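Counting in numbering that gives the first Met the number 0, the sequence shown runs from 0 upward without gaps. Ideal Cβ positions, reconstructed from N, Cα and C, are used throughout, including at glycine. Quantities reported herein were computed from a predicted structural model and do not represent experimental measurements.
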Amino acid sequence: MPPVLNQVNIVVRDMEASVEFYRRLGLAVDPPPGQWAAHHVEVKLPGDITIELDSTASAKIWNKGAQPLVGNRSVIIGFALSSRDEVDDLYAHVTAGGYVGQQEPYDAFWGSRYAIVEDPDGNGIGLMSPMDPTMRSAPPAINGVE
């Protein structure tokens, strides 16, 4: 049996700012009471998937090789939305809250409406509508190759 994705850990610099961002994104985020609230928060998603926000101090407890957070990330954490309009609306809502938009909503060649916003630590958060075959187009060339 292949591995099953059930958890995404995001190491964050500022737990309060991260919780605020993920709430604005529309997730139900309830930090635990007490001293761990500043270091570890779990967000349950449908399909038995959990997003866990961990402070840099907390990450060092469970990952001895944890490195300082620097620069832009190369991973996009994708969220499925129910419609093309919902992509536009959520992108506008998140960026209106002062968060960075990496990619404005557009009609992607694979047939979805797609956008990317950044969480407070620069992680890319993808927002994607269902694919509509009538909206598909040829992919753009990459480095001159079609």
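DSSP-derived helix/strand/coil call for residue i
{"i": "proline 139", "result": "coil"}
{"i": "histidine 38", "result": "coil"}
{"i": "valine 74", "result": "coil"}
{"i": "serine 54", "result": "strand"}
{"i": "proline 30", "result": "coil"}
{"i": "tyrosine 90", "result": "helix"}
Cβ pair residue i, residue j closer than 8 Å
{"i": "aspartate 120", "j": "valine 11", "result": "yes"}
{"i": "tyrosine 90", "j": "valine 116", "result": "yes"}
{"i": "valine 40", "j": "valine 18", "result": "yes"}
{"i": "serine 128", "j": "valine 86", "result": "yes"}
Cβ-based burial, residue i [other Cβ within 10 Å; buried from 16]
{"i": "alanine 155", "result": "Absent from the model: residue 155. The displayed extent of the chain is 0 to 145, so no value can be given."}
{"i": "methionine 0", "result": "exposed"}
{"i": "isoleucine 60", "result": "exposed"}
{"i": "tyrosine 98", "result": "buried"}
{"i": "aspartate 29", "result": "exposed"}
{"i": "leucine 24", "result": "buried"}
{"i": "serine 136", "result": "exposed"}
{"i": "aspartate 152", "result": "Residue 152 lies beyond the range of the chain shown here (0 to 145); nothing can be said about it."}
CA-to-CA distance, residue j to residue i, given in whole angstroms
{"i": "glycine 123", "j": "alanine 140", "result": "23 Å"}
{"i": "glycine 110", "j": "glutamine 102", "result": "16 Å"}
{"i": "tyrosine 113", "j": "aspartate 88", "result": "12 Å"}
{"i": "tyrosine 126", "j": "alanine 95", "result": "Sequence inspection shows leucine at residue 126; the tyrosine mentioned does not correspond to that position. When rounded, the distance between both Cα atoms is 16 Å."}
**Q.** Segment contact flag, the segment 48-59 with the segment 79-99, C-beta cutoff 8 Å, min 3 pairs
**A.** When C-beta atoms of the segment 48-59 are compared with those of the segment 79-99, fewer than three pairs fall below 8 Å, so the two segments do not count as touching.
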